[in-house]
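Going by the numbering used here, the first residue of the sequence shown is number 7, and it counts up by one from there.
Heads up, the beta-carbon is just placed ideally off N, CA and C, and yes, glycines get one too.
One structure is given here, and the rest of the page talks about it.
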Amino acid sequence: MFSARNIFRTLSVVAALALVAAPAMAGDPPRDDAPADHAINDKSFPMPSAQFQKIVDRRIEKARQHLEELMMKGNVPEAKRAEIRRAAEAGAARVRAAATRVEADGKVTKEEAREVRELAREVVKNLRQRYGHGHARGQSQGQGHGRGRRQ
């Protein structure tokens, strides 16, 4: 029923898993001194306007780099790239103007930051619809998998 080989094999697997899992769980705890853009939580608000402006500028720069990478990967012609860059810069200007408006009193509340974030998402959605992707990944139009709705 239980042979020495089975018992030894089971103990070996348990010991190996314990040795692999222990270092994985002993990582450094997350730092609280500089939250990343995606790690902004309720404790961050109200936020000083200078800090919020840094976050907005960093996100715009990251989006610009991502756009350039996508255009390089897709072999977009230079004339079309210039047009896309102009449209993206116009959208970034709208986001910066909204950020400046909510920073007027020196503090940015969570609701004000949400307004700026929603505007930024709207700008991205408009760019996608106008220059290629009609929808973001996972947000397709229609019924999903299968043949769709049957009549």
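How about residue i and residue j: are their beta carbons less than 7 Å apart?
| i | j | result |
| --- | --- | --- |
| E126 | V108 | The sequence shown places Ala at residue 126, rather than the Glu named in the question. Contact: no. |
| V122 | A105 | yes |
| S50 | G112 | no |
| I90 | Y137 | yes |
Within 10 angstroms of the Cβ of residue i, are there 16 or more other Cβ atoms? Answer buried if so, exposed if not.
| i | result |
| --- | --- |
| I13 | exposed |
| E118 | buried |
What is the C-beta distance between residue i and residue j, in whole angstroms, given that I count them as a contact (C-beta under 8 Å)?
| i | j | result |
| --- | --- | --- |
| V129 | G97 | 4 Å |
| M53 | V114 | 5 Å |
| A93 | L133 | 6 Å |
Does any residue of chain B have a CB that is nearer than 7 Å to the CB of residue i?
| i | result |
| --- | --- |
| I61 | Of the chains in the structure shown, none is chain B; there is only one protein chain. |
Since residue i is in the alpha helix (DSSP H), which residue starts that stretch and which ends it?
| i | result |
| --- | --- |
| F58 | S55 to K79 |
| G97 | E84 to V108 |
DSSP has residue i in a bridge; who is on the other side?
| i | result |
| --- | --- |
| K113 | P54 |
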